Each structure stands twice: as structure tokens, then as C-alpha cells.
Amino acid sequence: MDIKTVEYKNVDEVMHVHEHKSGLKTFVIPKKGYSKKYATFATHYGSINNEFSLGEGEGVIRVPDGIAHFLEHKLFEQEDGSVMDKFSKLGSNPNAYTGFAQTVYLFSCTDRFKDNFELLLTFVQNPHITEESVEKEKQIIGQEIRMYNDNPNWRVFFNLLDAFYEKNPVKIDIAGSIESISKINKNVLYTCYNTFYHPSNMMVLVVGDVEPAEVFSQVEENIIAKDKRPEIKRIFPEDPAGIRKDYIEQKLAVSMPLFQMGFKDINFNSKGIECLKREIAVKILLDMVMGRSSELYNRLYNDGLINNTFGFDYSIEESYAYSAFGGESKEPFKVKERVVEEIGSIRNKGLDQNSYERIKRAMNGRFIRQLNSIERISHMFISVYFKDVNMFDYFNVYENMSFDYVKTVFDEYFNLDNLALSVINPV
Amino acid sequence: MSTLISESRVSQIASVNGIKIFHIKSQKFKTNSINIFFHDDLSKERATKNALLPAVLKRGCEGYPTNRDISLRLEELYGAVFDCGVTKKGESQVIQFYLEYVADKYAKADENLTQKTFDLLLNIITKPIVENNAFKDEYVEQESKNLKEMIEGRINDKVQYAVDKCLEEMCKDEPFGIYDYGSVEELQKINAQNLYEHYKYFLETLPVYVFIYGDLDDKQIKYIIDGLSGIKRGSVKTIGKTGIESKVDDVKNITERMNVTQGKLCLGFRTNVSPDSEDYYKLMLYNSILGGGLHSKLFQNVREKAGLAYYVFSRLEKFKGLMVVSSGIEINNRDKAIEIIKKQLEDIKDGNISNYEYEASIKSIETGVKSLKDSQLHVVDFYLSQYIIGIDDAPNDIIEKVKQVTKKDVVDIAEKIKLDTLYFLTSLE
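Structure, rendered in C-alpha cells:
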């Protein structure tokens, strides 16, 4: 069996890789001394993939919003009952999540890893969907949608995406809407499954105190080698270059306003090391401009314009990239004003190299801290995997990051034409 | 003085002036952490002061007089993470100061991060910015405003709000009815002078627990113990035990209205089981069978079979001997959901517990307890809670005891559990 081993000595981690003939890659990151073993089986298919075609000459298929998430729920249904019962009998905790670009099935256990792992690999590859169970799931997911609709943090963020994008599917709620899921049926679920759940479009990751060779053997035994590899053409509608609106407001039952603002990005590489480079550079910049040690954050905090709910982030995926920052504030417009002022001021006086060095070192330290957690390692690994990079590449990126590069990114990234603001106001 | 302790059993390595110090030695994490907990009774007069105090202390200290200075320092220390906050454990309040930093091997050779981070932590706690025998007015005003907004902001998380409100209403004539962070009413009475007075009481008389976690050597441990020994202490108070006895007459029915689309239903119960009794393990299993996960009766019946909810669970509030059942449902389905929930409780009383439910629940608890040791914060919280309750069962002991619980034990415990309050968060009419 062909096993590749890579050592990351600077962070005391090791990664083993094995490729199945179907194209599925399996990764094992051993964590000695940890109780939990965490296995994930992920597919490169998420809420943004609502339009696709299967190879040359094939027509375009448009599926209902929320179907990737719906499918995630349905896979747990098996002919002989719910697979959740089988995991419970083994004492493990199964779960799944659907993101913009991937769907992940997982379990966490402290014992009987082999049985649990076999179950995971088997159930994800064996859908059993009936019309009756589809109808019942519409009720359950309907409640999930309602729960998110009442959640102001979720809404303020999705409204920001709505402000950025006209047609880009990232702005569509991952679970869809009550209306869109009503259109889902067994056939269209199977169409999506057969397209995206081919091993060549998937990956397996196990993190924990396990034997890599045993994990890879199990993969060999349990992965069904489907012969035809579907040629998936992922279709993303053309969106105009700028933002759709610069302000969106909604009223919900909150005690004080919440806001998220951000810059829509249009000049980015969505794959490979270049993608990580840009991500880290933008994150360093955001930290320098508005992080906890910045003048801006502290002035806003001391003036009572923000509080410690304030945070920031930057995301890149294959069809979009944006930064989002915000929190609670009684005066979101004033915060926006100050942000714009500060960016102008930094443009004039330039970025400070000492701050850059200090923040880079702090970010690297915080990244090392993430490696304590099996869940965080798994989540992070998968979130970059389908962009053709490996999470451990972040360390090289930090090491080779240059102040000059960060300065270049600053010059073009903070384009005020791409700045939008989303606010949730009290009713 | 310093003793090597493994994650499977922790004991105290030093005790100075009512400050109990524990060292959990581990090499599997990439960071070390120092957790300092102050322990007080939960009281109307002091709860809000205890909540405001860490926020004010965090604003600046000797050497780092502003929050920006502290943030800069943390960044210099390789991105060390500092936080502080308040929780309640039964009718006591725990004020936590926490600092986590990368282990020596991830920093330059002579950085001595343990010493530098501990110095910062100790300064924040013991050397605040003081002007005219009081805290800085500006800091107190600012943080009071933040705390007020935070308390008022509870409604933003409807799921958590409903659970908290149910339990607070249930216990409104008892100390447990006080919110972890106190109240806006009490907050208005606090100023820079009386908060500083309270701080002296806080620092001098509250019992303290310190957990040092990670790969530290004896020299580093001694440095920390010496630093803690230097804190001026007075006569340390004893914290009272939380009362759990109660008599339920009629079930309290509470409806709250807000602009929501989904109803949040909570049922509050008195379990009449004390966390230090042998019955507690029976209660743990009862709770797991009822609503402790995917295998549970609530999940299977309210969500999977009836399709009424996306989330439904039961949770123990163990220090106060309470249990809450919580679910997000379509507003019109309130009565139907209550009926199904009550049926599950009846089923357990009647001994309708399948082998699957029983075994899956034991395994679920076992997995949960075994998983603790993968997180420093979970291990620390576990041992702190055990200390506060006054028992020294280690994680393995708990697993053994739960495995001894029989179906009949679960049925017997069900008799003690009484529905006290039914709370529903619903839409405006």
C-alpha cells in the first residue's frame, strides 16, 4: 500500500497520505495521547453548487436552493433505520455540516474506532432516500430555517453577502428557504448525489491516536470504486464587478444594533499557495488596521462605539472572496466613517513594519494553538483542501510572507467602492 | 512542594492563604495555561460587582496602563490569549482569569514565556490602575455601559435566553434566580469608589483556585507559587453550599412575547438530587436517556418521529439540582410538543426504557467523560466543579459509577423529578 508521510517538525505534527484508485485521498494526522478520534468524510459540494453540467454537450442543471444541506440530512436515513442509532450503539457522536463549498460527515469517538469508521464510510456511500422521508425532513429543516431566521448574527452576515452580490450563490442561505425546499424531491436529490458524491470528488481525514496503515486498509476495503468519473462543470453566474448595494438594513428583536461591513474582493486566486498568501496578507492587514492592538479598535472601544463583540474575518472560495467585520454598536455609520478615515490615514503615513512583524508572530502563535484541538484541525484542513492546499502550508506562508507583499495588497484591497454595510436594528 | 499529576487524577500541590494551587502536567498540548478562579456566594449585592470587576481590571494595570498596552504585550508574547469572565455554579459565582501561551519550544530560546505571561496576569489581577483610592472613573463608566448592554443583549440568543429565563423564573425567590452577570438595577448603584472597596474584599477574602496546565518545569512552577504567595490576603471566607430541596405546588406557566418566528419551549424541573449524592449518577443516566443526544427519547420522538423540532434536549443544572428540557418549535405546535415531552417522562416512570436507549446512554456518557482530557479548559472546569461540590471522583470513577446504574435505578430517580415551570417564548400576538 502506497503511503506518503510528511513531517512538520517545526510544529511536531506528521501527516500520512494514501490515494485510492478511485481518486479519493485519505489523510491521517496522528495525535498521540488524545482520547478522541475524529474522522471526516467530505465532498467538494456545498450550497454554492446549485448550477452545474455533466461534461461536454450536457445541459445545465439548476437545482433548488438548500439541496446540498437537505441531502446531508437525508444521507443519515438508511433502509434499516437511522444511521444515528448505529453510531449511538457504538457510543460515538456523529454529525455533519454543509458549508458554501463542502459537505462534511463525521464522527468523534473514544472507543471502537474501526467499527465507527466502517459505518461512516459505508453510510455516506449508500443513500436510501424515500419520498415519505423527504416530506418529513421538510418539516424539520423548516424549523432549522426558522431558527436561523431569528438569529440576528446569522442574518446580519447573510444580508452583507446580499449587499455584495447580485447573482453569486454564496448569498443564498445554506439551508435554502421554506419555499425552495418545498420543491425538493427524491429524484433531484439522487441527481446531486450521483454527481458530487463520487470518491474522486471527496476526501477522508482522520485525526487522533490511530494507526495510519489500519485506517488506509479500511479505506481500501470500504470505498466502492465507481468506474465512471463524472466530469462536473460547476457553473457560477457572472456578477457585475462592484457591489450591489452599499447598505442593507433589517429589523429583528435585538437589544441594540448589530452590524457587519466588509470589502468585496475581485482580484484573488482561489486555489493553491497564492490563495493562502492572499488570505494571510489580508488577515494581517485587517489585524493591523482594526485588531485588538490597533489604534482604531481602541479609539472606537474607548469612545463606546464598539465593544468586545467586534471581530473580523476574510474568506476566499472559488467564486468569491470578501472580508467581513463588525459586532454590536449603537452607531454603525459612525464606525464606518472612522474605518474609512483610518484607512485614508494609513494610506498617507504608510504601514508600520514593527506592527507587521509583531502581528505576524502573534498570528503564527495563535495558529499553533489551534493545533491543540482535533476538531479545529479537521475543520481547518477541510476548509482549504478543496482549494488544492494543505493546512500546514500556512506555516511556510507565514515564514515567507514579506512586508512588501503586504504593502502591495494594502494598496489595492481597501477599495472604498467595494465597501458595504449591513445593519440589524431593533424592532 | 510540586507534585507531578497526570490528567487522570489531580490533587493540590500547594495552598497559601486560601489560594489552592494545582499543576496538571501534560506534554500533548502545544500551549500552557494558567487559570485563576475566585469563588464567591451568589448574592444580589455582589453579583454585579463581581461581573464588572474583571472587565475593569482588564482595562489596564501596572506596566500596561491601557487595554491597548495589554493587547500589544499579548501579541509580543507570541499571540498569548487572555480572557476573564464570570459564571455561576449553583448559588455561587466563579470569576475566572485565564492566560494561554505557546510552549517554550515554539518560541525563541530565552523568551521565558511562563514568567512573562504570569507577570502580566498577576499584574492585571493585583495591580490595577487606581486613582484617589478608586478605580479610574473612565474605565468604570465605560465597562458599566458595556455590561449593561451585554445584560440587555441576552435576548439576542433566543435559544439560550429561553433556557436561562425558564430557570431564573423558576428560582426567582432564591439566589439561583440571579443572572451570572447580575442585573442592570444593581449596576446603577456601582461607581469607581465602591467597586474599588469591593475589589479589596474580593482580593483579600475570596477563596482562590489556580490551575497550571502544560509542560512546565519545577523552576517555572515555583515562580508562579512565589508570585501567588505574595498576594495580600485577609481572613478567607467559606462559601456556602447550594440548597436543592424544594416543594413544587402548582406548575408555573409563563409566556413571554417577542418578535420571533419560532417558539422556544422550556420545561424546568426540580430533581431533588444533590450533586454529591450517590443518586447523582442515576440522574446523569436518566438525563441522557431522556434528552442527552441523538439516542435520547426526546430526540427520537419530538424530532425524528413527529418532525416537530430541529433541536430538543434535556440538560442538568447539577449544582442546583435542576433539569431543563428545551426545544425550538412551530408556535402552533406548543401543546402537541408538550404532550410528547410529557409522554417521554411518563414512559421512563413506567419503566419503558429499551435496551438500546439504556446502553447507548451509558456509552454516550462514557465517551463524553473520556473526551474531557483533550481540552485543558474542560479538564480544569471538571476539577474545579468537583472541588466546589466537595467530591474527589476522577473521570474514570464517574464512568464506573454510571455503569453500575440499572434501569430500575433510573425509574426510581424519575419519581423524584417534579415539573416546576413551563416557559414559552412566542411571537407578539
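Chains as they are written, first to last, in the working numbering: chain A, 1 to 427; chain B, 428 to 856. Every residue gets a Cβ at the ideal spot worked out from N, C-alpha and C, and that includes glycine. It should be emphasised that the depicted structure is a prediction, and the values quoted were computed from it without experimental measurement.
Inset, instruction - Inspect the beta-carbon positions of A:K37 and A:F123 and report whether they are closer than 8 angstroms. - result: no
Legend entry - Stretch pair the stretch 442-451 of chain B + the stretch 583-590 of chain B: three plus CB contacts closer than 8 angstroms: no
Inset, instruction - Taking A:I140 as the query, report the chain B residues whose CB atoms sit under 7 angstroms from its CB, ordered along the chain. - result: R730, G734 and Y737
Inset, instruction - Determine which residues share a DSSP beta bridge with B:T853 and list them. - result: B:R684
Legend entry - Counterpart residues of A:K4 in DSSP-defined beta bridges: A:V17
Legend entry - Buried or exposed (CB count within 10 angstroms, at least 16 for buried), A:H16: buried
Inset, instruction - Could you tell me the distance, in whole angstroms, from the CA atom of A:F333 to the CA atom of A:P257? - result: 11 angstroms
Legend entry - Whole-angstrom distance between A:E295 and A:D287, CA atom to CA atom: 11 angstroms
Inset, instruction - Name, going along the chain, the residues of the stretch 346-363 of chain A whose beta-carbon falls closer than 8 angstroms to a beta-carbon of chain B. - result: Closer than 8 angstroms at the C-beta level to chain B, one finds these residues of the stretch 346-363 of chain A: R358, I359, R361, A362 and M363.
Legend entry - Beta-carbon separation (whole angstroms), B:F740 vs B:L725, contact threshold 8 angstroms: Confirmed, about 6 angstroms.
Inset, instruction - Kindly indicate which three-state DSSP category A:I178 falls into: helix, strand or coil? - result: helix
Legend entry - A:F87 - containing beta strand (DSSP E), residue span: Run containing A:F87: none in the beta strand (DSSP E); it sits in the alpha helix (DSSP H), V83 to K89.
Inset, instruction - Identify the continuous alpha helix (DSSP H) that holds B:M577 and give its terminal residues. - result: In the DSSP assignment, B:M577 falls within the unbroken alpha helix (DSSP H) covering D564 to E579.
Inset, instruction - Starting from B:V505, find everything on chain A with Cβ-Cβ shorter than 7 angstroms and list it in chain order. - result: In the sequence as displayed, the identity of residue 505 of chain B is Tyr instead of Val. Within 7 angstroms Cβ-Cβ: R361, A362 and G365.
Inset, instruction - Measure how close the beta-carbons of A:V28 and A:P212 come, nearest whole angstrom, since I'm counting them as under 8 angstroms. - result: 4 angstroms
Inset, instruction - Would you please state the rounded distance, in angstroms, between the beta carbons of B:G755 and A:M147? I believe it to be under 8 angstroms. - result: 5 angstroms
Inset, instruction - Classify B:L594 as helix, strand or coil using the three-state DSSP reduction. - result: helix
Legend entry - Three-state secondary structure (DSSP) of A:S315: The answer is strand: DSSP assigns A:S315 an E or B state.
Inset, instruction - Look at A:G66 and A:S177 and say whether their C-beta atoms are less than 8 angstroms apart. - result: In this structure, A:G66 sits near A:S177, with a CB-CB distance shorter than 8 angstroms.
Legend entry - Beta-carbon contacts of A:E412 that lie in its chain and below 7 angstroms, excluding the five residues immediately before and after: N267
Legend entry - For A:V28, three-class secondary structure by DSSP: strand
Legend entry - beta strand (DSSP E) segments (min. 3 residues) lying fully within the stretch 582-630 of chain B: none
Inset, instruction - Throw me the rounded Cβ distance for the A:E144 and A:A175 pair, which I believe falls under 8 angstroms. - result: 6 angstroms
Inset, instruction - Evaluate B:R495 with the Cβ neighbour count: other Cβ atoms within 10 Å of its Cβ, from every protein chain shown; 16 or more gives buried, anything less gives exposed. - result: buried
Inset, instruction - Kindly confirm or deny that the stretch 633-647 of chain B and the stretch 449-465 of chain B touch, where touching means at least three C-beta pairs closer than 8 angstroms. - result: yes
Inset, instruction - Determine whether the Cβ of B:G719 lies closer than 8 angstroms to any Cβ atom of chain A. - result: No, no contact with chain A.
Inset, instruction - Determine the DSSP secondary structure at A:Y34, reduced to helix, strand or coil. - result: coil
Inset, instruction - Spell out whether any CB of chain A is found under 8 angstroms from the CB atom of B:A787. - result: yes
Inset, instruction - Output yes if chain E places a C-beta closer than 8 angstroms to the C-beta of B:V837; else output no. - result: Here chain E cannot be found, since the structure's protein chains are A and B.
Legend entry - Closest Cα partner of B:E612 within the set B:I582, B:A530, B:L749 and B:K471: B:K471
Inset, instruction - Using only alpha-carbon positions, find the residue among B:I826, B:T794, B:D836 and B:A787 that is nearest to A:K497. - result: Here chain A covers residues 1 to 427 and nothing more, so residue 497 of chain A does not appear.
Inset, instruction - Could you list which residues in chain B have their beta carbon closer than 8 angstroms to that of A:I280, in chain order? - result: What A:I280 touches in chain B: nothing, since even the nearest Cβ is about 14 angstroms away.
Inset, instruction - Using a Cβ cut-off of 8 angstroms (strictly closer), state whether B:V753 contacts chain A. - result: For clarity, residue 753 of chain B is Ser in the given sequence; the question names Val instead. Chain A, which has no Cβ nearer than 8 angstroms to the Cβ of B:S753, makes this no.
Inset, instruction - Indicate whether the contact test is met: 3 or more Cβ pairs, each with one atom in the stretch 239-247 of chain A and one in the stretch 299-316 of chain A, closer than 8 angstroms. - result: Touching, no, given that fewer than three Cβ pairs across the two stretches are closer than 8 angstroms.
Inset, instruction - Please work out which residues of its chain come closer than 6 angstroms, Cβ to Cβ, to B:S433, disregarding the five sequence neighbours upstream and downstream, and give them in chain order. - result: Confidence is the limiting factor: at B:S433 the pLDDT is only 49, short of 50, which leaves the residue's position unreliable, though a coordinate-based value still follows. Excluding residues within five positions, none has a Cβ falling inside 6 angstroms.
Legend entry - Touching by the beta-carbon criterion (3+ pairs, under 8 angstroms), the stretch 213-232 of chain A and the stretch 385-396 of chain A: no
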